[in-house]
Every structure is written in C-alpha cells, then in structure tokens.
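Residue numbers (the working numbering): 2 to 462.
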C-alpha cells in the first residue's frame, strides 16, 4: 500500500515524456508502473491533463534573513519559491545582516531556514578579503559554495585583492566546493563613469557604466584564476552570449567552469528598462535585443548549464524612487521563471520542454551532486514534483504573489502554462486556487531540510 498514487500521470524528465501510474511511499518514488496498471494507495492524485515534472532547483536567491527581513525572509521567500514549483533553493550570503562570512553565520542561517522554510534549502557562504581562513569551517558547517564579487559590493563585503582571490580559489579547489562570481570589472566601470557627460539621462548612464565589456573583462579574469588554481568557477547571472562563449572556450581547455543565466536576460531589453524602470533594475543590467537572441541560442545549444532567478527583492518604495539611481538593484521573480520561460522558450521558440526541465531541475541537481536523488522522476528518487498545466492561459499579477512585497517587473505578462501544485517528499506544499486566481500555501513552515552538496572529491559534507 503506497502513501500516494499518481494516476493518469504524464511524467516529463530531461530524457523522456511517458505516461505512468506512480506509487509514492515514505517521501520517495517507490514504483513507476504502466498507465493501465492500478496501484493501491492511501491517497490518490488524478493528474489528467497535466504534466508531472521534477521539482525545480533555484541555486541563486536572496531571501534576506537575518537582518533585512523587511524585504524578504525564509518563510515568505520559500512560499514564493513553492508557488514557482521550486523544491530546493540556495540562498546567497550578502543580502542579509550580518553577511554570511563565518562558520557561526552559516550555522545561524541554517537554523533560521530550518525553522521557517517550507521547501528545502542550501546556503552559500561569502568570500571576501579577510575570510579565506573561514572557508573550511564554513564548508564543514554546510556552506554549498562561496560567492565573491570582482567589483564593489558595499561596506562589509570587500572584494578580495588579486592575491587573496588566488588563495581563496586554491582553498575552494582543495575543499571541493564552488566559487560563484558576480563578474563586473570595477576599474572599467569607474572609467566608464568618468566618460559619461554631465546631465546624461540616469538609465542611459547606468547602462553606459555597466557596459558589456565590464562583464566580459571580469569573466576573463576569473576564468584565468580558475585555470591557474584548479577551482571550479561558476559564473552567476550571465547577461551576455559572449560570457557563455568564454566559459565554453575555457572548458575546452580543461578549466572547471559553469554558467547560469536568468529570465530577465532572456525576456527583457534596455528598452524595457526605460519603460519599467526600478522594478527591472539589476546588475549586470539587461542588454540589447541582439544579446537576448544570442543568449537564447546558447540556451538551445546546451552551452548554458542551468537557470536561476537571482531573486533579490525590496520594499515597493525602494524600487519606485523618483531617481533611478536611488532604486534598489534586484528583481523579484522567484515565482515566475518556469511559466515565463515555458511561454517564451517552449511555446514561442519551439524548445523541447525536456530541455527546460534539464535547465531548472536536472542540471542544478547534478551541480550539487544530488542527481538522481533529485532532478528526475525515477524509482528511488525523492518524490518532490510539480503538477504543471501546459495549456493554462493566465496573466502575472503582482498582488497575487506569496513573497513579502507584491511587485515584479513581470507584472502584466501573459503566460501559457501554470504551476498547479508543488509537492515536497510526497506532501503538498502549494496549490493554485481557481477561486482566488492565485496560489495558496498548503505546506508546513519548517518542513524544508538543509541540503549540502556532494563535493568534487565525492565526499558528502
């Protein structure tokens, strides 16, 4: 007798689309039977007309706890994640106070997430000028990787000097964990700022300062460090097809490197930034139409490893300042990646939905060493899955979000395909409510578990 049986289920993984009856026991997929076979279960879920997808994995979010919970916290952020089909997220180390720079900071964030998150979680540590000696203790405490900036990240999160970067990359390589890099060249941005004429329109000035070469220069530098030290370098939020090309070329020469991109770089352009303004402000910024098309081509070619939202929310007024320069730079989007990219990628551009599953589930699971326990639908895998209606037509409405602040640059966008239900280890976490036209939480606060990566030496931390 199974705890739950999925009937009339159409399972979609990166490899196959098949009809089946699925038996789930003790939070795992115990049996995948032919669709005509009947399985006994305490509960059943009729999946007719829907697709069953492996739970999504977003390895780049900022949930702001502790210290900046006026913007987001683990409960509200994970609730929004669940509404977006995410069953595992990885939280970044610098949109909180204090920053996650010590073993004690890692323990504190884990304890907070264990109390509040409705889905599973991983924790990024930070890599700054003065904490190389903390990297091993943080990794042993459960840090999934180390985030660094090649540009100014503000007080308290100092960019490592070149020699410190070399030491930190070497240490990460020895530990078998990742360096995640925000790649923008601060010196180049400073030079660009000096070239901007007085009175230049704010958004035009922002784009001129953060021009494409500032990203590419920093990516080249970081890849060079990875080549010299043997560390695995992960390029965060690539906004340019040329960034992906640099990673591809480095891999051909044996460099351990990977790259992610985000919905804003696949959906939005500089013209959209002028129209939407603050809610679409982020760094690196959105680019021109040619870059969007080029990035899509790299996605289709398989050169992009996986997708993440870079969800970095703020209070409504922080995104709607009269001065664009004063607006917070970060995007609220954790609920929307899959339906948006299903609409643009699968429906409009002809992408195979299996490729989208690979980018937002299977490859992130491999990246942290948890495939096939996660990232697929197979006997023995964890029963964390999404019920997705590929035909549903709907419009994103910010007021329906489960995140703390009801704003997003995607407000008003039409989508084909909707997350109907999200399940974590055989239990429902979030469901779409036809009566309200929005998602409602059905999971338990604190149900999420810490996930630590299997490192490149094959050891579980």
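Just so it is clear, CB atoms sit at the ideal spot from N, CA and C, and this is done for glycine as well. This structure is a prediction, so every number in the text was calculated from the model and none was measured.
Could you name the residues that DSSP lists as bridge partners for residue 32?
According to DSSP, residue 32 bridges with 24.
| message | Does residue 91 come out as helix, strand or coil in the three-state DSSP assignment? | response | If DSSP states are grouped into helix, strand and coil, residue 91 belongs with the strands.
message = Going by beta-carbon coordinates alone, are residue 376 and residue 366 separated by less than 8 Å?
response = yes
| query | Once you ignore the five residues that flank residue 317 on each side, which residues in its own chain have a CB closer than 8 Å to its CB? | reply | 406, 407, 408
Item to complete: Just confirm the distance between the C-beta atoms of residue 129 and residue 158, as a whole number of angstroms; I'd bet it's less than 8 Å.
Response: Yes, residue 129 and residue 158 are in contact; Cβ-Cβ is about 6 Å, under 8 Å.
Discussion item. How far does the beta strand (DSSP E) with residue 155 in it extend, from its first residue to its last?
Written reply: Looking at the DSSP string, residue 155 is not in any beta strand (DSSP E), and its letter there is neither H nor E.
Between residue 281 and residue 269, how many whole angstroms is the CB-CB distance? I'm expecting something under 8 Å.
With 8 Å as the limit, residue 281 and residue 269 qualify as a contact, their Cβ atoms being about 6 Å apart.
TODO: Tell me whether residue 320 sits in a helix, a strand or coil according to DSSP, three-state version.
DONE: helix
Excluding the five sequence neighbours on either side, which residues of its own chain have a C-beta within less than 8 Å of the C-beta of residue 86, listed in chain order?
-> 54, 56, 57, 339, 387, 389, 420, 423
*asked:* Buried or exposed, going by whether 16 or more other CB atoms sit within 10 Å of the CB of residue 134?
replied: exposed
**Prompt:** On the premise that residue 21 lies in contact with residue 3, defined as a C-beta separation below 8 Å, what is that separation, rounded to the nearest angstrom?
**Reply:** With 8 Å as the limit, residue 3 and residue 21 do not qualify as a contact, their Cβ atoms being about 13 Å apart.
In the DSSP assignment, the beta strand (DSSP E) including residue 394 goes from what residue to what residue? 386-396
**Prompt:** What are the boundary residues of the alpha helix (DSSP H) that includes residue 249?
**Reply:** 242-253
Top-ranked residue by Cα proximity to residue 451, from 123, 202, 167, 309
123
- The alpha helix (DSSP H) enclosing residue 226, as first and last residue numbers: 213-230
Notebook entry, point to check: Mind pulling the beta strand (DSSP E) runs of 3 or more residues that sit fully within the stretch 399-462?
Noted result: Taken in chain order, the unbroken stretches of beta strand (DSSP E) that lie wholly in the stretch 399-462 and span 3 residues or more are 415-425, 428-434, 439-442.
- prompt: Hey, is the stretch 79-93 in contact with the stretch 330-339, meaning 3+ C-beta pairs nearer than 8 Å?
  reply: Three or more beta-carbon pairs drawn from the stretch 79-93 and the stretch 330-339 are found closer than 8 Å, and the two stretches are therefore classed as touching.
So, residue 16 versus residue 290, is the Cβ gap smaller than 8 Å?
no
Whose C-beta lies closer than 8 Å to the C-beta of residue 172 among residues of the same chain, with five residues either side of it excluded? 133, 136, 137
Do you know whose CA, among 140, 435, 19, 383, lies nearest residue 174's CA? 140
inquiry  = Beta-carbon within less than 8 Å of residue 362's beta-carbon, same chain only, minus the 5 sequence neighbours each way: which residues are those?
reply    = 15, 54, 55, 56, 57, 58, 375, 376, 377
Where residue 242 falls, given that 16 or more other Cβ within 10 Å makes a residue buried: The C-beta of residue 242 has 16 or more other C-beta atoms within 10 Å across all chains shown, which makes the residue buried.
Inset, instruction - Give the DSSP-derived three-state secondary structure of residue 363 in the structure shown. - result: In the structure shown, the three-state DSSP call for residue 363 is helix.
query: Would you say the stretch 101-120 touches the stretch 69-78, given that touching needs at least three Cβ pairs under 8 Å?
result: yes
- prompt: Who pairs with residue 121 in a beta bridge, going by DSSP?
  reply: 89
Backbone CA spacing between residue 147 and residue 286 [nearest angstrom]
23 Å
* Asked: Where does residue 94 land, buried or exposed, given buried means 16+ other C-beta within 10 angstroms?
  -> buried
- request: Check whether the stretch 249-264 touches the stretch 185-196, taking contact to mean three or more Cβ pairs, one atom from each stretch, closer than 8 Å.
  value: no
Check your understanding: Is the stretch 224-236 in contact with the stretch 198-214, if contact means three or more CB pairs nearer than 8 Å?
Key -> Short answer: they don't touch.
Point to revise | Near the ligand MN: residue 447 beta-carbon under 7 Å from a heavy atom | key: Of ligands this structure carries none, so the ligand MN is not represented either.
When you compare the stretch 343-355 with the stretch 394-403, are there three or more beta-carbon pairs, one atom per stretch, that lie closer than 8 Å?
no
Is the distance from the Cβ of residue 441 to the Cβ of residue 434 below 8 Å? Result yes, Cβ atoms of residue 441 and residue 434 sit closer than 8 Å.
Q: With DSSP collapsed to three states, give me the class of residue 383.
A: strand
* Taking residue 221 as the reference, which of 234, 352, 209, 210 has the closest Cα? -> 234
TODO: Could you check what DSSP says for residue 145 in three-state terms: helix, strand or coil?
DONE: strand
**Asked** Just curious, the beta strand (DSSP E) that residue 76 is in, first and last residue?
**Response** Here residue 76 belongs to no beta strand (DSSP E); instead the alpha helix (DSSP H) covers 75-84.
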